[in-house]
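A short worksheet on the structure shown next.
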Ligand SMILES: Nc1ncnc2c1ncn2[C@@H]1O[C@H](COP(=O)(O)OP(=O)(O)OP(=O)(O)O)[C@@H](O)[C@H]1O
Ligand SMILES: [Mg+2]
């Protein structure tokens, strides 16, 4: 027998592996990717709650400043049963939700088409850039007085304020979405005979969608901040108003309840947008 | 017939100078012709293809397809890009069907056409897959199927196999030739590879840069043997093939030397 290994000899086991016990693998992500973080976050939440409970329990901080977690929880029950500041909890929450949902819908309905148009058309960009670049860096509270003077203290002024605050990030992200569209993709579609309209609906819109969803997420964050601020100033209903009333009586526990509700709502909205992303743009970042 | 007549392209470079990318290039692609543009990087191959596709207007000269002047992109010229430009939000089948959809072809007919095309490029089982689930070679095949879907008069291919490994590349060459011999389409094909050019083309245009010109034209017929025999190896090792390959290599080298001397 020759000592030399015969060239081209079969190496290893070439039979197919039994499918039942294969290990499924995928490409390593960069950064966090989609590794699970939920458990870590939950533990962190528990640690924070425990620290809160300990600090308030030991009396490190005066009770007026920091109520205990169980007191806040009891206060939730109380407000749920009896309402607060002249309205039921449901009234407060639904008033705030109504404002933000209506404003978000208007901002999305206006922001996406205008942003896409600004990304596509020189005149639209030139004309609309002036007012948008002027107003959007302004803090919404600085023009809230104008809204109240022009539109009164009813829903219109608050919703208008919110629409203005939420419009800019959506509009700008839609523009950015159009601008990041690879020319090769456009050319490919044109060579397949796409009309301008088909190009818009089949290529431009889907290409811009990931950026638009990011814009909506940012807009909702901005929206909650603006909403509470607006309700602090001119309102008879809403979570912001509830917090404001509580602060006048130094009812820290009620303030905590209000903050908790806003946090839950904002989180739920964020989760909704993330679900929309998973559903609409599973291809984001691929190819 | 596709007719390129004294096509010249001048670009404005960023620094204000003028780049002469294409200088009075003329050639014809007869029906069933397979014309390959071969040349060093920067000799204007992509520029020429972009002009034929209608993405780029000419500075001078004209391009006509079956007598009609080319003024913009259209479904009568199918383009296969070097980096596939597939839509990641559409399945493989929907990507292939895109041109048919643009043309308003009904759903049922689209489905049938797409099935045939996927069969043709050997991807019958992958219609439902997403483009990013495929390998580079498979994606390129989807790109070819997509370009064929609208039944264009000519296929324009810009280094479609440049990014593939040599084995996949050979498979793709066989596939392309079998598609070409069955559909009898005109093809304009760009490559860096002399062997690929000689094996596939009925006509090879050797180009030189600065300004981009066609310096030599070879009528070859190795592809006829390839279609008949189906095996590239005996063709590539034949003396005629080797001789022509060396001749073209010499031309390209000469251009390269002139360039570095200048
Ligand atoms: N948009 C542009 N603006 C200015 N100059 C350009 C532009 N596009 C191409 N050029 C120049 O034109 C010349 C030809 O470019 P082209 O892309 O056609 O080369 P190519 O033969 O396809 O090269 P490669 O094999 O590397 O793809 C190059 O010198 C390039 O710098
Ligand atoms: Mg090129």
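Chains as they are written, first to last, in my numbering: chain L, -16 to 270; chain G, 2 to 263.
Glycine included, each C-beta is placed from N, C-alpha and C at the ideal position.
Contact test: residue i Cβ vs ligand 1 heavy atom, cutoff 7 Å
i, result
"residue 19(G)", "no"
"residue 138(G)", "no"
"residue 3(L)", "no"
"residue 8(G)", "no"
"residue 12(G)", "yes"
"residue 213(G)", "yes"
"residue 128(G)", "no"
"residue 40(G)", "yes"
"residue 75(L)", "no"
Close-in-space but distant-in-sequence residues of the same chain around residue i (CB under 8 Å, 5 per side omitted)
i, result
"residue 207(G)", "39, 40, 215, 216, 217, 218, 219, 249, 252, 253"
"residue 29(G)", "2, 3, 4, 5"
"residue -15(L)", "The predicted position of residue -15(L) is uncertain, since its pLDDT is 49 and thus under 50; a value taken from the coordinates is nonetheless stated next. Around residue -15(L): no qualifying Cβ."
"residue 165(G)", "137, 138, 141, 173"
"residue 221(G)", "199, 202, 203, 204, 205, 245"
"residue 18(G)", "none"
"residue 125(G)", "116, 119"
"residue 134(L)", "140, 143"
"residue 197(G)", "37, 162, 170, 174"
Close-in-space but distant-in-sequence residues of the same chain around residue i (CB under 6 Å, 5 per side omitted)
i, result
"residue 244(L)", "222"
"residue 201(L)", "152"
"residue 193(G)", "none"
"residue 94(G)", "115, 128"
Residues of its chain near residue i, where Cβ-Cβ distance is below 7 Å and the 5 sequence neighbours each way are ignored
i, result
"residue 159(L)", "194"
"residue 127(L)", "144, 213, 216"
"residue 91(L)", "153, 199"
"residue 48(G)", "10, 22, 23, 57, 213"
Any non-hydrogen atom of ligand 2 within 7 Å of residue i CB
i, result
"residue 84(G)", "no"
"residue 186(G)", "no"
"residue 24(L)", "no"
"residue 92(G)", "no"
"residue 29(G)", "no"
"residue 47(G)", "yes"
"residue 222(G)", "no"
"residue 117(G)", "no"
Pair within 8 Å by beta-carbon distance, residue i and residue j
i, j, result
"residue 39(L)", "residue 49(L)", "yes"
"residue 63(G)", "residue 10(G)", "no"
"residue 266(G)", "residue 78(G)", "Chain G is shown only over 2 to 263; residue 266(G) falls outside these bounds and no answer can be derived."
"residue 185(G)", "residue 33(G)", "yes"
"residue 83(L)", "residue 240(L)", "no"
"residue 176(L)", "residue 128(G)", "no"
"residue 199(L)", "residue 154(L)", "no"
"residue 189(G)", "residue 23(G)", "no"
"residue 227(L)", "residue 67(L)", "no"
"residue 176(G)", "residue 228(G)", "no"
"residue 290(L)", "residue 253(L)", "Summary: the structure shown does not reach residue 290(L), with chain L confined to residues -16 through 270, and so no result is reported for it."
"residue 86(L)", "residue 149(L)", "yes"
"residue 86(G)", "residue 167(L)", "yes"
"residue 157(L)", "residue 196(L)", "no"
"residue 172(L)", "residue 207(L)", "no"
"residue 80(G)", "residue 54(G)", "yes"
"residue 70(L)", "residue 220(L)", "yes"
"residue 195(G)", "residue 159(G)", "no"
Among the options, the one whose alpha carbon lies nearest that of residue i
i, options, result
"residue 173(G)", "101(G), 244(G), 237(G), 144(G)", "144(G)"
"residue 141(L)", "265(L), 42(L), 209(L)", "209(L)"
"residue 180(G)", "25(G), 119(G), 134(G)", "119(G)"
"residue 96(L)", "132(L), 116(L), 53(L), 161(L)", "161(L)"
"residue 246(L)", "76(L), 8(L), 44(L)", "76(L)"
"residue 111(L)", "94(L), 124(L), 36(L), 121(L)", "94(L)"
"residue 234(L)", "59(L), 43(L), 28(L)", "59(L)"
"residue 25(G)", "112(G), 52(G), 232(G)", "52(G)"
"residue 218(L)", "37(L), 45(L), 29(L), 78(L)", "78(L)"
"residue 135(G)", "210(G), 82(G), 92(G)", "92(G)"
is_contact[residue i, chain C] using C-beta, thresh 8 Å
i, result
"residue 151(G)", "You won't find chain C in this structure, because its protein chains are L and G."
Contact test: residue i Cβ vs ligand 4 heavy atom, cutoff 7 Å
i, result
"residue 32(G)", "Annotation note on ligand 4: not contained in the displayed structure, which lists ligand 1 and ligand 2 as its ligands."
Legend entry - Chain-ordered residues of the region 143 to 173 of chain L with a beta carbon less than 8 Å from chain G: 165, 167, 168, 170, 171, 172, 173
Legend entry - Contacting positions in the region 130 to 146 of chain G - beta carbon closer than 8 Å to chain L: 131, 132, 133
Inset, instruction - Can you give me, in chain order, the residues of the region 77 to 104 of chain G that have a beta carbon less than 8 Å from any beta carbon in chain L? - result: 78, 79, 80, 82, 84, 86, 87, 88, 89, 90, 99, 100, 102, 103, 104
Inset, instruction - Can you give me, in chain order, the residues of the region -1 to 29 of chain L that have a beta carbon less than 8 Å from any beta carbon in chain G? - result: none
Legend entry - Within 9 Å of chain L by C-beta, residues of the region 40 to 67 of chain G in sequence order: 51, 54, 55, 56
Inset, instruction - Residues of the region 174 to 189 of chain L with a CB closer than 8 Å to any CB of chain G: list them in chain order, please. - result: 174, 175, 176, 177, 178, 181, 185, 186, 189
Legend entry - Within 9 Å of chain G by C-beta, residues of the region 248 to 270 of chain L in sequence order: 263, 264, 265, 266, 267, 269, 270
Legend entry - Within 9 Å of chain L by C-beta, residues of the region 179 to 195 of chain G in sequence order: none
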